[in-house]
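Report on one structure; see the data block that follows.
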Amino acid sequence: VEILRETLRGFKNVEIIQKDILKIHDSRFMIHESYKMVSNLPYSIATEVIRKFIESTNPPKLMVVMVQKEVGKRICSKPPKMERLAVLIRALANVKILDTVKKSSFWPQPKVDSVILRITPLIYTDEKLIDADKDLFKKIVKAGFSHPRKQLAKNLSGELNFTRQKVKDWLFQNNIQASQRAQTLSLNDWLALAKTFK
């Protein structure tokens, strides 16, 4: 940080905040004006930081971040291998892998390769935002992925305290088979489940 302060000493439009990004209240950095985020995110908290920003009341207009390659692939995963992380993030933002950065590009060299992600919150696009309760949506997704190797109906029944038949009827209403597993559902499937939850 001291090197950064020395390097940017002459810039009047720069403020250096030396704090844990996950512990800073949203109002401290999420200003009312539009802003963009560019970061080489610490691998250990990358997904938490991304979700903190895109779930805020005033998300960045654009995020360009570098994350561990495996994390980037998880965020961009699709059925039949879609992951919970991908569902939660892409319900709120468009995500695209722009490039791969080899571990040999860094010194000291990390153990893994990285990718650069472009993340555009849906609030700034023409795409439809979630029209279901966001907390309910997250609860359903969490329940569905609670035991990824088990059938979806069993997970939802156990985690949401529903009878198996009620869950089967709910899934059937949305053209989803009770025998499917969570990773085979699309984002639209999860959104439909949240909208038809009773």
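Count along the sequence shown from 1, then add 769; that gives the number in this note's numbering. No residue lacks a Cβ here, since even glycine has one placed at the ideal position from N, Cα and C.
Whole-angstrom C-beta distance between Val834 and Ser969, which should lie under 8 Å: Here the chain comprises residues numbered 770 to 967, so residue 969 is not present and cannot be evaluated.
Own chain residues within Cβ distance below 8 Å of Leu791, not counting five before or after: Cβ-Cβ distances below 8 Å link Leu791 to Ile814, Glu817, Val818 and Lys821 in the same chain, with the five nearest sequence neighbours on each side left out; the list follows chain order.
Inter-residue spacing [alpha-carbon to alpha-carbon] between Ile945 and Asp958: In a straight line, the C-alpha of Ile945 is about 8 Å away from that of Asp958.
Terminal residues of the beta strand (DSSP E) in which Gln934 lies: For Gln934, there is no enclosing beta strand (DSSP E); the enclosing alpha helix (DSSP H) has its first and last residue at Arg933 to Gln942.
Beta-carbon gap between Thr894 and Val884 smaller than 8 Å: Contact flag unset, no.
Residue of Ser873, Leu886 and Pro828 minimising C-alpha distance to Ala855: Taking each of Ser873, Leu886 and Pro828 in turn and checking the Cα distance to Ala855, the smallest one comes out for Leu886.
Residues that Ile785 bridges to, as DSSP identifies them: According to DSSP, Ile785 bridges with nothing at all.
CA nearest to the CA of Val840, picked from Val864, Lys830, Pro917 and Glu824: Ranking the options by Cα distance to Val840, first place goes to Val864.
Rounded separation between Phe875 and Ala922 - CA only: Phe875 and Ala922 have their C-alpha atoms roughly 46 Å apart.
Straight-line gap, Asp902 to Leu960 (C-alpha atoms, nearest Å): Computed Cα separation, rounded: 10 Å.
Per-residue burial, Ser926 [other beta carbons within 10 Å of its own, 16 or more giving buried]: With at least 16 other beta carbons inside 10 angstroms of its own, Ser926 counts as buried.
Start-to-end residues for the alpha helix (DSSP H) that takes in Arg820: Run containing Arg820: Ala815 to Ile823, per the alpha helix (DSSP H) assignment.
Burial state of Lys871 (16 or more Cβ within 10 Å): It is exposed - the Cβ of Lys871 has fewer than 16 other Cβ atoms within 10 Å.
Contact belief for Arg778 with Ile785 at Cβ below 8 Å, rounded distance in angstroms: Not a contact, Cβ separation roughly 10 Å.
Residues that Ile888 bridges to, as DSSP identifies them: According to the DSSP secondary-structure assignment, Ile888 is paired through a beta bridge with Met832 and Val864.
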